[in-house]
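So for the sequence shown, this note's numbering puts the first residue at 2; every next one is plus one. From the three backbone atoms N, C-alpha and C, an ideal C-beta is built for every residue, glycine too. Structure record follows, encoded as structure tokens.
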Amino acid sequence: MASTEKTSTSSKKSSADETYTLSSHPNDGKAQYGGRDVVGYGSKPPNPRWPNNAKLALNFVLNYEEGGENCLLHGDNESEKLLSEIVGAAAIEQQRHANMESLYDYGSRAGFWRLHHLLTTKKIPCTVFAVGMALERNPDVCTAMKETSNWEIASHGYRWWDYQNVNEDVEREHIERTVEIHKKCLGVRPVGMYQGKPNINTRKLVVEEGGFLYDSDSYADDLPYWTFDYGPKPHLIIPYTLSENDMRFAIPNGFSHGGEFSKYLKDSLDYLLAEGRNGAPKMMTVGLHCRLVGRPGRAAGLAEFIDYAKSKRDVWIARRDEIAKHWYEHHYPEDRSCV
Numbered sequence: 002m003a004s005t006e007k008t009s010t011s012s013k014k015s016s017a018d019e020t021y022t023l024s025s026h027p028n029d030g031k032a033q034y035g036g037r038d039v040v041g042y043g044s045k046p047p048n049p050r051w052p053n054n055a056k057l058a059l060n061f062v063l064n065y066e067e068g069g070e071n072c073l074l075h076g077d078n079e080s081e082k083l084l085s086e087i088v089g090a091a092a093i094e095q096q097r098h099a100n101m102e103s104l105y106d107y108g109s110r111a112g113f114w115r116l117h118h119l120l121t122t123k124k125i126p127c128t129v130f131a132v133g134m135a136l137e138r139n140p141d142v143c144t145a146m147k148e149t150s151n152w153e154i155a156s157h158g159y160r161w162w163d164y165q166n167v168n169e170d171v172e173r174e175h176i177e178r179t180v181e182i183h184k185k186c187l188g189v190r191p192v193g194m195y196q197g198k199p200n201i202n203t204r205k206l207v208v209e210e211g212g213f214l215y216d217s218d219s220y221a222d223d224l225p226y227w228t229f230d231y232g233p234k235p236h237l238i239i240p241y242t243l244s245e246n247d248m249r250f251a252i253p254n255g256f257s258h259g260g261e262f263s264k265y266l267k268d269s270l271d272y273l274l275a276e277g278r279n280g281a282p283k284m285m286t287v288g289l290h291c292r293l294v295g296r297p298g299r300a301a302g303l304a305e306f307i308d309y310a311k312s313k314r315d316v317w318i319a320r321r322d323e324i325a326k327h328w329y330e331h332h333y334p335e336d337r338s339c340v
């Protein structure tokens, strides 16, 4: 009887699939398809077993992009339009945008140094997402990064471009070139990669390059996770964030002042910390930009949050390479069912 019912149900499903000829698709009903996984850890995320029994891993990311953005002086055919004080700015084709250029220059001339002083004075481990072209333009910044022992300098690509429609060979060369810039300017290659505005081929090219422990071109989870989509070995993904991120100062209805930024970060930390204390520890990332939170009023909000986070004894403030190495040591998949 059970067998008959199963056959009947299967037949109905097949019949239904055949019925919806105008809306059916080969990926219908799949949880994993085309590099996507809409299920992930589900209701049973792994216990990260963070060091010292921490209930939350907290990572600060400082994006260093200024000098690598779109600009006619960089060989581009339009000006930059994203993440500045000019909210909603449009790219100007075949012309320079004087205000946009100086807003970006503020990040490398002043904002970086304010944030460097803040983070080093408070002894905060930090991961830098550094654009290769920007690094080459500012040797003093490179020296400061090198001399800060608890900073990791990850790659943010060679250019601060949208790579959606960039030719695969060009993107491959950019990845190779930015690795060499890191070696030349910083004395060590990057082990992390965040292209930022990738395309569906980016991760394949990152894995192909062969020297990265992880990439962060994902926003899909509160914990690191593995993928087998790019070869026989697992590749680690440490998700980034666009919500706990100062970019929200530069979008409509975003943060209006440093206090709002600090409050939102505190709320996120408190909620995740409560989950961790109840048996499900997670990871939290805070995204920073030199030209945005590097402004003094906003930096004050960041400083307030840093002090708050440091007051929590069960928060592990760590670099992304430290988190990656921890995940390799404690959560390396023995088989694909563990991913």
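| Query | Result |
| --- | --- |
| I154 classed as buried or exposed, judged by whether at least 16 other C-beta atoms fall within 10 angstroms | buried |
| DSSP beta-bridge partners of E153 | T128 |
| Residue burial classification, N64 (beta-carbon count within 10 angstroms, cutoff 16) | buried |
| Beta-carbon proximity of C186 to W152, cut-off 7 Å | no |
| Residues that DSSP places opposite R37 in a beta bridge | Y34 |
| Identified DSSP bridge partners for F61 | V287 |
| Any 3 or more C-beta pairs closer than 8 Å across the region 116 to 134 and the region 82 to 101 | no |
| Span of the alpha helix (DSSP H), counted from its first residue to its last, around V208 | 203 to 210 |
| Which of helix, strand or coil DSSP assigns to V180 | helix |
| K123 beta carbon near the ligand MN (any heavy atom closer than 6 Å) | In the structure shown, the ligand MN is absent, as is every other ligand, since no ligand is present at all. |
| Residue from Q165, D268, D218 whose Cα sits closest to the Cα of N200 | Q165 |
| Sequence-distant residues of the same chain with beta carbon closer than 7 Å to K267, five excluded per side | F306, Y309 |
| Residue burial classification, G69 (beta-carbon count within 10 angstroms, cutoff 16) | buried |
| The alpha helix (DSSP H) enclosing V142, as first and last residue numbers | 140 to 148 |
| Three CB pairs or more closer than 8 Å across the region 196 to 213 and the region 251 to 270 | no |
| Local conformation of W114 per DSSP, three classes | helix |
| Span separating the alpha-carbon of D141 from that of M284 | 32 Å |
| DSSP three-state assignment for G76, whether helix, strand or coil | coil |
| S12, DSSP secondary structure in three states | Note that S12 has pLDDT 43, beneath the 50 cutoff, so the model's placement of it is unreliable and the number below is only indicative. DSSP places S12 in helix when its eight states are reduced to three. |
| Buried versus exposed call for R50 [16 or more other C-beta atoms within 10 Å across all chains shown] | exposed |
| Residue environment, H183, which counts as buried when at least 16 other CB atoms sit within 10 Å | buried |
| Three-state secondary structure assigned by DSSP to V192 | coil |
| Cross-strand partners of Y226 (DSSP beta bridge) | I238 |
| Through-space distance from A325 to Y265, alpha-carbon basis | 26 Å |
| Spatial neighbours of S156 in its chain, beta-carbon cut-off 6 Å, leaving aside the 5 residues before and after | T179, P191, M194 |
| Member of F229, F61, E323, R160 whose CA lies at the smallest distance from the CA of L1 | The question about residue 1 has no answer here: the residues shown for the chain are numbered 2 through 340. |
| For W317, the first and last residue of its enclosing beta strand (DSSP E) | 316 to 318 |
| Neighbour flag for S156 against chain B, beta carbons, 7 Å | Looking for chain B here will not work: only one protein chain is present. |
| Three-way DSSP call (helix, strand, coil) for N168 in this model | coil |
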